[in-house]
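Before any comments, here is the structure.
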Amino acid sequence: MAADVSGTAYVAEVERDEAGNWIASVPALRGVHTHARTLAGLRRYLQDAIALWLEVDRIDAGERDPHIDRDTIEVELRLRLPAAVRRAAETARRSRERAQGAEQAAAIATREAARALVGSGLSRRDAAEVLRLSHQRVDQLLRSA
Numbered sequence: 033m034a035a036d037v038s039g040t041a042y043v044a045e046v047e048r049d050e051a052g053n054w055i056a057s058v059p060a061l062r063g064v065h066t067h068a069r070t071l072a073g074l075r076r077y078l079q080d081a082i083a084l085w086l087e088v089d090r091i092d093a094g095e096r097d098p099h100i101d102r103d104t105i106e107v108e109l110r111l112r113l114p115a116a117v118r119r120a121a122e123t124a125r126r127s128r129e130r131a132q133g134a135e136q137a138a139a140i141a142t143r144e145a146a147r148a149l150v151g152s153g154l155s156r157r158d159a160a161e162v163l164r165l166s167h168q169r170v171d172q173l174l175r176s177a
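Per our numbering, the sequence shown starts with residue 33, numbered consecutively.
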């Protein structure tokens with residue numbers, strides 16, 4: 033049975049070489065390093081390298097089943113990027129998070145408004161007109177939790 037190491041996130045220091053490849057090492061696990069053309073590939077290779085390192089460590093400790101489930105290994109990529117590029121990426125991430133929060137708030141407000149409108153005696157079609165939604169969407173909102 034493969035060991036599950038979920039819950040432990042390994043941090044990888046990542047940079048690009050002159051050829052555009054991503055190079056990574058895991059400071060917490062001496063000797064764990066790899067490279068790839070894409071970040072997705074790099075993450076998978078890091079999972080493999082970390083699993084191998086952990087398996088060897090378990091073998092050295094005398095464990096009977098040293099196998100590690102690679103899919104349970106979490107890898108946080110710490111990219112070394114130019115400051116302006118890093119700031120742009122961070123700004124985009126924060127903007128998406130804010131938009132996601134606003135979208136959730138809008139969904140809740142819309143559902144509450146649909147209930148209030150219909151509860152006050154408006155038909156579902158009239159509530160849909162007020163909310164600028166289809167009457168089918170108002171029906172969905174009224175059926176949702």
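Every residue, glycine too, gets a C-beta built ideally from N, C-alpha and C.
With fewer than 16 other CB atoms across the displayed protein chains lying within 10 angstroms of its CB, residue 43 is exposed.
DSSP places residue 65 in the uninterrupted beta strand (DSSP E) bounded by 65 to 68. Around residue 116, the same chain offers no residue with a beta carbon nearer than 6 Å, after the five sequence neighbours per side are excluded.
Here DSSP, grouped into helix, strand and coil, assigns residue 90 to helix. Looking at 144, 41, 120 and 74, the one whose alpha-carbon comes closest to that of residue 52 is 74. Under DSSP, residue 54 takes part in a beta bridge, and its partners are 48 and 68. C-alpha of residue 139 to C-alpha of residue 66: approximately 44 Å in a straight line. Separation of residue 40 and residue 54 (C-alpha to C-alpha, rounded to the nearest whole angstrom) is 23 Å.
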